[in-house]
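Enquirer:
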Amino acid sequence: MLYVGIDVAKYKHDIAVIDEFGNIILEHMQIKNNHEGFYQLHTWLSHHVENPNDIRIALEDTGHYSRNIVMFLRANFYPTFSYNPYLIKEFAKSVSLRKTKTDKKDALTIARKLASDMPVMRQMPSQDMDDLKVLTRHRDRIKRKMTDFKVQYVKILDLIFPELAKIVSLHNQSTRHLIEKYPTPAKIIRANKTSIYNIKNLKADKAKSIIIAARTTVGNTSWALEFELKQTLQAIRYFEKLMTEINTEIQALMDKLDQVITSVPGISTTLGSIILAEIRNIENFRNPNQLLAFAGLEPSVNQSGESEHTGKMVKRGSTHLRWALLQAAEKVAIYSPTFKRYLALKRSQGKHYNKAKSHVAKKLVRVLFYLLKNHKYFDENLLT
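Using full-length UniProt numbering, you'd call the opening residue of the sequence shown number 1 and step up by one each time.
Shown next, in the form of structure tokens:
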């Protein structure tokens, strides 16, 4: 059996290979991150083993730089695994006191970590689960951009027409229609009153208040602010359209995966898809504590002699997963009587709301671990 470690980078990858006895078969080989480099690796591997199953390959899960080579290795039937970079760092510390770090040594460290972990090893997720992670991360980026434009939209209106926010919600569709047609108080005043009253979903009393406020506004405008306001609204609508399209694709994937996670009351498709996409393959976790550690929800422990102190959450691992689990905990504590009582219990013990919510999240992780491992749907009666 050969164990291959790959240290991934943007333009090149460093390779090291050892056998099951720890002997170095290939101390270092560097390949380009392109078609030529991938086949250089494939050629070397095929010359040293007849069956791809006699090879195990591992790399750090460092984001998009590793995706293409992983797909190539999968397509050629090589068992390929991934590691959290933190685990590689800790393993390197455990086997050497030296602080030297090079790509060449990193590849060898990954190969040695892989050999030490076999036969228990992380399984790579399915293509559908990979796609789900791509889409949920994409949705997060689009949502952040859309939020930035919404914040800017409010800022511009605070300059042009500060009184408007006291009359109507600035994010209502009726308000947006008004701003698109009449972006400044001056244009509202000059407009035909009937046209303002006829704006869809804008109530008559609100329309009247807007017209009155426009006459006495302390806001100031310019052609540049008006131009920015129009384009900002266009950007918001554009990103909202993208969000709708992304959510449609995510829903289709969730239906295809037939996951049980949304059977938990309070876990929507949005939160459920993020949790699934970050976990990717539940078979990579032997128990709920490993999943808690992966999410960064486990407490830090400092033990010395007879004293032991439990501190704050370590907050390592997937920040996206931790965020989704904490959001889900808040929702589940509303819709599930058992989780609601558990949150109340922690609050009665004097814990801050956020601390109590983290306890709910930990309990939720244990429930989700059982459901996903056994493909069981949520049953409130089994919790009591």
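Each residue gets a CB set at the ideal place from its N, CA and C atoms; glycine is no exception.
Predicted model only: the values in this text are computed from it and were never measured.
On the three-state DSSP scale, how would you describe residue 217?
Expert: Coil at residue 217, not helix or strand.
Enquirer: Going by DSSP, what residue range makes up the beta strand (DSSP E) through residue 15?
Expert: That run of the beta strand (DSSP E) goes 12-19.
Enquirer: Return the chain-ordered list of same chain residues with a C-beta closer than 6 Å to the C-beta of residue 277, the five sequence neighbours on each side being excluded.
Expert: Excluding positions up to five away in sequence, the list reads 132, 133, 136.
Enquirer: What does a CB cutoff of less than 7 Å around residue 97 pick up in its chain, not counting 5 residues either side in sequence?
Expert: The pLDDT assigned to residue 97 is 49, lower than 50, so where the model puts this residue is not dependable; a value taken from the coordinates is nonetheless given after this. For residue 97, where only same-chain residues beyond five positions count, there are no Cβ hits under 7 Å.
Enquirer: Which whole-angstrom value describes the C-beta separation of residue 106 and residue 83, a residue pair presumed to lie in contact below a C-beta threshold of 8 Å?
Expert: Not confirmed; about 11 Å, so no contact.
Enquirer: In chain order, what are the residue ranges of uninterrupted beta strand (DSSP E) at least 3 long that sit wholly in the UniProt domain "Transposase IS110-like N-terminal" (4-162)?
Expert: Segments of the beta strand (DSSP E) lying fully in the UniProt domain "Transposase IS110-like N-terminal" (4-162): 12-19, 24-32, 55-60, 80-83.
Enquirer: For residue 24, which option in 186, 109, 270 has the closest C-alpha, if you only look at C-alpha atoms?
Expert: Nearest of 186, 109, 270 to residue 24, Cα basis: 109.
Enquirer: With the cut-off set at 9 Å, would you say residue 28 and residue 18 are in Cβ contact?
Expert: No, the Cβ-Cβ distance between residue 28 and residue 18 is not below 9 Å.
Enquirer: Tell me which residue opens and which closes the alpha helix (DSSP H) that residue 185 is part of.
Expert: Residues 185-190.
Enquirer: Does residue 337 pass the burial test, meaning 16 or more other C-beta atoms within 10 Å, or should it be called exposed?
Expert: When all chains shown are included, residue 337 counts as exposed.
Enquirer: Looking at residue 272: is its Cβ nearer than 9 Å to the Cβ of residue 333?
Expert: Not closer than 9 Å, so no.
Enquirer: Is it a yes or a no for the region 144-155 touching the region 230-245, going by three-plus beta-carbon pairs under 8 Å?
Expert: Judged by Cβ distances under 8 Å, the region 144-155 makes contact with the region 230-245, as three or more pairs qualify.
Enquirer: Residues bridged to residue 2 by DSSP?
Expert: Per DSSP, 19, 55.
Enquirer: Report buried or exposed for residue 20, applying the criterion of at least 16 other Cβ atoms within 10 angstroms of its Cβ.
Expert: Exposed, by the Cβ-count rule.
Enquirer: Spatial neighbours of residue 34 within its chain, please: CB distance less than 7 Å, with the 5 preceding and 5 following residues excluded, ordered by chain position.
Expert: No residues qualify anywhere along the chain.
Enquirer: For residue 305, which residues of its own chain have a beta-carbon under 7 Å away from its beta-carbon, when the five flanking residues on both sides are left out?
Expert: The pLDDT assigned to residue 305 is 41, lower than 50, so where the model puts this residue is not dependable; a value taken from the coordinates is nonetheless given after this. Excluding positions up to five away in sequence, the list is empty.
Enquirer: Measure how close the beta-carbons of residue 371 and residue 356 come, nearest whole angstrom, since I'm counting them as under 8 Å.
Expert: With a Cβ gap of about 23 Å, residue 371 and residue 356 do not count as contacting.
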